[in-house]
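Following: one structure in structure tokens, then a few remarks.
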């Protein structure tokens with residue numbers, strides 16, 4: 709294990725903890741004395757992803773993480789929700805028992821999770837994944853998302869509205885300047 713600060717190969721483990729699907733280790737570099745964290749995960753058998761052009765490449769979690777993180781950028785999501793969604797997707801992939809899976813299937817799993825987590829992130833991801841050719845097909849996707857809401861399924865409290873509300877904006881009170889000091893009565 710190389711230190712990310714000085715690139716030295718010697719470090720000592722200060723703390724180890726279970727972190728759900730692996731082990732979290734807190735390390736200290738013996739050369740520069742700085743601390744860093746590493747995560748160990750069990751290496752599952754290699755899952756091959758079949759791309760649209762029929763190429764095959766190994767499943768890389770970091771690629772999936774990067775694409776989901778881009779879709780969720782600047783969205784009011786609870787801390788750790790992206791990581792939890794990725795763990796669920798990986799679990800679904802490994803539970804399938806298949807040695808190969810299409811990129812389309814992975815994209816559908818991601819969109820299913822994002823649709824529940826944040827509709828704007830879902831639309832962002834779908835816009836890249838589905839590669840809309842024109843504004844009309846993009847509009848149809850948004851309309852389908854709005855129509856498929858369950859009765860009583862309002863916008864979650866932490867999610868901003870996808871479309872503008874019809875309610876008028878809240879009017880803010882005008883700030884008043886400071887009141888002038890009153891002259892004190894002279895004792896005469």
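Residue numbers (the numbering used here): 709 to 896. Built from N, CA and C at the ideal position, the CB exists for glycine as well.
Could you check the C-alpha separation between residue i and residue j for me, to the nearest Å?
i: residue 821; j: residue 794; result: 9 Å
i: residue 861; j: residue 723; result: Here residue 861 scores only 49 on pLDDT, less than 50, and its place in the model is too uncertain to base an answer on.
i: residue 832; j: residue 779; result: 5 Å
i: residue 776; j: residue 828; result: 12 Å
i: residue 729; j: residue 713; result: 27 Å
i: residue 761; j: residue 825; result: 30 Å
i: residue 774; j: residue 852; result: 26 Å
i: residue 819; j: residue 834; result: 7 Å
i: residue 767; j: residue 803; result: 15 Å
i: residue 912; j: residue 754; result: Any property of residue 912 remains undetermined from this structure, which presents the chain solely from 709 to 896.
i: residue 744; j: residue 792; result: 23 Å
i: residue 848; j: residue 742; result: 53 Å
i: residue 855; j: residue 771; result: 31 Å
i: residue 850; j: residue 782; result: 20 Å
Please look up how many angstroms separate the CB atoms of residue i and residue j, rounded, as I've assumed it's under 8 Å.
i: residue 735; j: residue 725; result: Not quite, the Cβ-Cβ distance comes to about 13 Å (not below 8 Å), so this is no contact.
i: residue 747; j: residue 727; result: 6 Å
i: residue 756; j: residue 749; result: Not a contact, Cβ separation roughly 19 Å.
Please go through the same chain and pick out, in chain order, the residues whose beta-carbon is closer than 8 Å to the beta-carbon of residue i, but skip the five residues on each side of it.
i: residue 738; result: 716, 718, 719, 720
i: residue 706; result: A query on residue 706 cannot be resolved here, the shown segment of the chain reaching from 709 to 896 and no further.
i: residue 769; result: 794, 798
i: residue 941; result: No statement about residue 941 is possible, as the shown extent of the chain runs from 709 to 896 and does not include it.
Return the chain-ordered list of same chain residues with a C-beta closer than 6 Å to the C-beta of residue i, the five sequence neighbours on each side being excluded.
i: residue 837; result: 815
i: residue 759; result: 811
i: residue 740; result: 713, 714
i: residue 840; result: 846
i: residue 843; result: none
Going by beta carbon distance, what residues of the same chain come within less than 7 Å of residue i, once the five residues before and after it are set aside?
i: residue 790; result: 776, 777, 780
i: residue 859; result: Because residue 859 carries a pLDDT of 42, less than 50, the predicted location of this residue cannot be relied on, and the following value inherits that uncertainty. So the list is empty, once near-sequence residues are dropped.
Worksheet item: Can you list, in chain order, the stretches of the beta strand (DSSP E) that have 3 or more residues and sit fully within the region 755-791?
Response: 756-758, 764-766, all fully within the region 755-791.
Worksheet item: Should the region 801-812 be called in touch with the region 771-789, which here means at least 3 C-beta pairs below 8 Å?
Response: In short, these stretches do not touch, since the Cβ pair count stays below three.
Worksheet item: Can you list, in chain order, the stretches of the alpha helix (DSSP H) that have 4 or more residues and sit fully within the region 789-853?
Response: Counting only runs of 4 or more, we get 789-803, 811-825, 827-837.
Worksheet item: Can you list, in chain order, the stretches of the alpha helix (DSSP H) that have 4 or more residues and sit fully within the region 711-739?
Response: Runs found: none.
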